[in-house]
Amino acid sequence: MKKIVITGKGGVGKTTIIATLSRLLSRDSYRVMIIDTDPSMNLAMSMGVPLSDVLTLAAHKTEIRVNTDMDDDGEDNHHSGKIDFEDVLKDFTVKTSDEVRLIVMGTIPFGGAGCICSSVAMVKLLVEHLAANGSEYDFVIVDSQAGSEILGRGLAANYDYNVVVTEAFPKAIDVAKHVMKLAADLKVKRQLVVVNKTANGIDAEKVANALGIDGHDIFTVRHDKKVLEADNNVVQLLDMEPDSVVIDDIRKIKDAVCF
Ligand SMILES: Nc1ncnc2c1ncn2[C@@H]1O[C@H](COP(=O)(O)OP(=O)(O)O)[C@@H](O)[C@H]1O
Ligand SMILES: [Mg+2]
1 MKKIVITGKG GVGKTTIIAT LSRLLSRDSY RVMIIDTDPS MNLAMSMGVP LSDVLTLAAH
61 KTEIRVNTDM DDDGEDNHHS GKIDFEDVLK DFTVKTSDEV RLIVMGTIPF GGAGCICSSV
121 AMVKLLVEHL AANGSEYDFV IVDSQAGSEI LGRGLAANYD YNVVVTEAFP KAIDVAKHVM
181 KLAADLKVKR QLVVVNKTAN GIDAEKVANA LGIDGHDIFT VRHDKKVLEA DNNVVQLLDM
241 EPDSVVIDDI RKIKDAVCF
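Those letters in the sequence shown? Residues 1 to 259, per UniProt numbering, in order.
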């Protein structure tokens, strides 16, 4: 089972890319689980599932944690054996487009409710459980909130890929640089950089130079106004515009992670 985390600055296109990437993998007969760890929880809608149909881990963590000692700082991972992750998978997995399975970590329920650390810790253990019981999924792809929080929490330790999404402007590149450093600290095996919303080849070159990487690990996804149109109509790009250049470009990322 390959483990992939998608990181980068807010608004660069992480969720958009996962929504199509996961379906393309599934159409190639891979079994795919996607997990939304962003408290903004956009991924369900991007997969055509209303959030009202989804149970989130965060909203039910008291029940999940029955008989465990995991506390709210999420640091105590030693009691994972007491969580029945098969039950968690049964109760929280949602079937989406092209048979892609989705789990939504959840959000902060009210102002002042505290951090989401224990929920992130739960996702970390869940992915470890899936990896240990290997046969059920070929890919687990974790969507993340903007910035570096989940890497700081160690969620992606020893993952196969960090797919860093960026645009070709300095603030996005700065975030990319930071998450790449943290992913390297966590011994993520390979980092792929995706320059999204590109208009020309110069963007990729600019990003590659700024990040000090060679062309081998850099991908571009072209800008297409149909992506925004699909978002506005709450439909999926793959259904609305199957011939979009964006899908062609994401197919290359799919080929890279299958390699
Ligand atoms: N290749 C693209 N071309 C045009 N618009 C895009 C493209 N990729 C993403 N977008 C738009 O960018 C915005 C942010 O995308 P999103 O996937 O939500 O970013 P993130 O998950 O990184 O916050 C959305 O409005 C989306 O429609
Ligand atoms: Mg997102």
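Positions of the beta carbon are idealized from the N, C-alpha and C atoms, including for glycine.
For clarity, every value in this text was computed on a predicted model and none was experimentally measured.
query	result
Cβ-Cβ distance between Gly111 and Ser119 below 8 Å	no
From Ser46, Ala157, Lys124, residue whose alpha carbon lies closest to that of Leu182	Ala157
CB contact flag (Gly8, Val142, <8 Å)	no
7 Å Cβ shell around Tyr137 - same chain, five flanking residues per side excluded	Met1, Arg31, Val32, Met33, Leu130
Ligand 1 heavy atom lying under 7 Å from the CB of Thr16	yes
Exposed unless 16 or more other CB atoms sit within 10 angstroms - verdict on Val12	buried
Rounded separation between Asp206 and Glu241 - CA only	Checking the displayed sequence, the identity of residue 206 turns out to be Lys instead of Asp. The alpha-carbon atoms of Lys206 and Glu241 are separated by roughly 29 Å.
Beta-carbon gap between Ile64 and Leu55 smaller than 8 Å	no
DSSP three-state assignment for Met47, whether helix, strand or coil	coil
Rounded C-alpha distance that separates Leu21 from Lys225	18 Å
Ser52, buried or exposed, once every other Cβ within 10 Å from all chains shown has been counted against 16	exposed
Sequence-distant residues of its chain with Cβ nearer than 7 Å to Val88 (five each side left out)	Ile64, Leu126
Start-end ranges of the beta strand (DSSP E) lying completely within the stretch 146 to 207, minimum 3 residues	161 to 166, 190 to 198
Residue nearest to Glu86 in terms of C-alpha spacing, selected from Asn133, Lys189, Ala146, Asn233	Asn133
Assumed close pair Ser46, Asp98 - CB separation to whole angstroms, cut-off 8 Å	Ser46 to Asp98, Cβ: 13 Å. No contact.
Unbroken alpha helix (DSSP H) run spanning Phe92, endpoints	85 to 92
Asn233 to Ile17 span [Cα, whole Å]	17 Å
Cβ separation of Ser144 and Asp38, assumed to be a contact under 8 Å, to the nearest whole Å	6 Å
Own chain partners of Ala208 with C-beta closer than 8 Å, once the 5 adjacent residues on each side are dropped	Val193, Asp214, Gly215, Ile218
Helix, strand or coil at Gly215 according to DSSP, with G and I counted as helix	helix
Member of Val123, Cys115, Ile202 whose CA lies at the smallest distance from the CA of Val221	Ile202
Through-space distance from Ala59 to Pro109, alpha-carbon basis	8 Å
Best match in Ile35, Val5, Ile4, Asn42 for proximity to Val235 [C-alpha to C-alpha]	Asn42
heavy atom of ligand 1 below 7 Å from Asn196 C-beta	yes
Cβ-heavy atom distance, His223 to ligand 1, below 7 Å	yes
Arg251 to Asp243 span [Cα, whole Å]	12 Å
Proximity below 8 Å, CB of Met122 to CB of Lys61	yes
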